[in-house]
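These notes are about the structure you will find just below.
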Amino acid sequence: MNPPAAPIPCRQGTACSVGWALHQAGLQRIDEILSIAEGPATVVEAFSEAASDEQLEEENLKLIEAFPETADTEGRLAFFSGAFDVAEALGFSQAEVREVTDHRLFKLAHYARLGLAAEQAKKRAMSKLQRAPAPVARPRPAARAEQAPRQSREAMKRLSKSGSIRDAMGVDFD
Numbered sequence: 001m002n003p004p005a006a007p008i009p010c011r012q013g014t015a016c017s018v019g020w021a022l023h024q025a026g027l028q029r030i031d032e033i034l035s036i037a038e039g040p041a042t043v044v045e046a047f048s049e050a051a052s053d054e055q056l057e058e059e060n061l062k063l064i065e066a067f068p069e070t071a072d073t074e075g076r077l078a079f080f081s082g083a084f085d086v087a088e089a090l091g092f093s094q095a096e097v098r099e100v101t102d103h104r105l106f107k108l109a110h111y112a113r114l115g116l117a118a119e120q121a122k123k124r125a126m127s128k129l130q131r132a133p134a135p136v137a138r139p140r141p142a143a144r145a146e147q148a149p150r151q152s153r154e155a156m157k158r159l160s161k162s163g164s165i166r167d168a169m170g171v172d173f174d
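Everything in the sequence shown is counted per full-length UniProt numbering, starting at 1 for the first residue and increasing by one.
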């Protein structure tokens, strides 16, 4: 409340000036009390800012310990960009994420981003698999076990016709 710029003229000169002086003294006293009341609030605010700065620095060190890429500016921007994207994808607002100072929540966002990326990769792989044509069964060559008796029989026929040592070596007597 602003006092009038000039005292209101009154009929009793001294009584009016005394009243005006008391009024001004009261306003000055109220201003002093208000300034005294603001002192502790200023001190509390300064302490909370210092504690907040200290806590932020501590959380930052823990985040760098968990994710060394956040130590430099580029890595930090990439990390927080990913964290903000995941938080937004999960329904958090930008304002809510900006209020977070706990490094554990950023760890959670990082691993949530990895999990979401893995889920998306799985979906892409499954869709590719479903679109791929069915595999065609290729005929396999006859097994070695099936070929051995046949080759031995043929070698025996040749041996009976030719009688050569070479044909005799091809016969399996087992």
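Every residue, glycine too, gets a C-beta built ideally from N, C-alpha and C.
Taking all protein chains in view, the Cβ of F173 is surrounded by fewer than 16 other Cβ atoms within 10 Å, so the residue is classified as exposed. Exposure of T73 is indicated by the presence of fewer than 16 other C-beta atoms within 10 angstroms of its C-beta. Remark: C-beta atoms of A148 and D167 do not approach each other more closely than 8 angstroms. Here F79 is actually not in contact with V97; their C-beta atoms are around 13 angstroms apart, not less than 8 angstroms.
Between the alpha carbons of D102 and Q120 lies a gap of roughly 28 angstroms. Shown here, V100 sits in coil according to DSSP, grouped into three states, outside any helix or strand. By the beta-carbon neighbour count (other beta carbons within 10 angstroms, threshold 16), V86 is buried. Apart from the 5 residues on each side of it in sequence, G75 sits with its Cβ closer than 6 angstroms to the Cβ of E69 in its chain, given in chain order.
At least 8 angstroms separates the beta-carbon of R104 from that of G82. Only buried fits L63, as 16 or more other CB atoms lie within 10 angstroms of its CB.
Take the alpha-carbon of A125 and the one of P133: they are about 14 angstroms apart. The distance from the Cβ of L116 to that of A89 is about 7 angstroms, consistent with a contact at the 8 angstroms cut-off. Taken through DSSP and simplified to helix, strand or coil, L90 comes out as coil. Separation of the CB atoms of K107 and A66 is rounded to 6 angstroms, and the pair is thereby assigned contact status at 8 angstroms. Within the same chain, and ignoring the five residues on either side of L27 in sequence, no residue has its Cβ closer than 6 angstroms to its Cβ.
Each residue's CA atom was taken as its position, placing V171 and R140 some 26 angstroms apart.
In this chain, the alpha helix (DSSP H) harbouring A168 covers I165 to M169.
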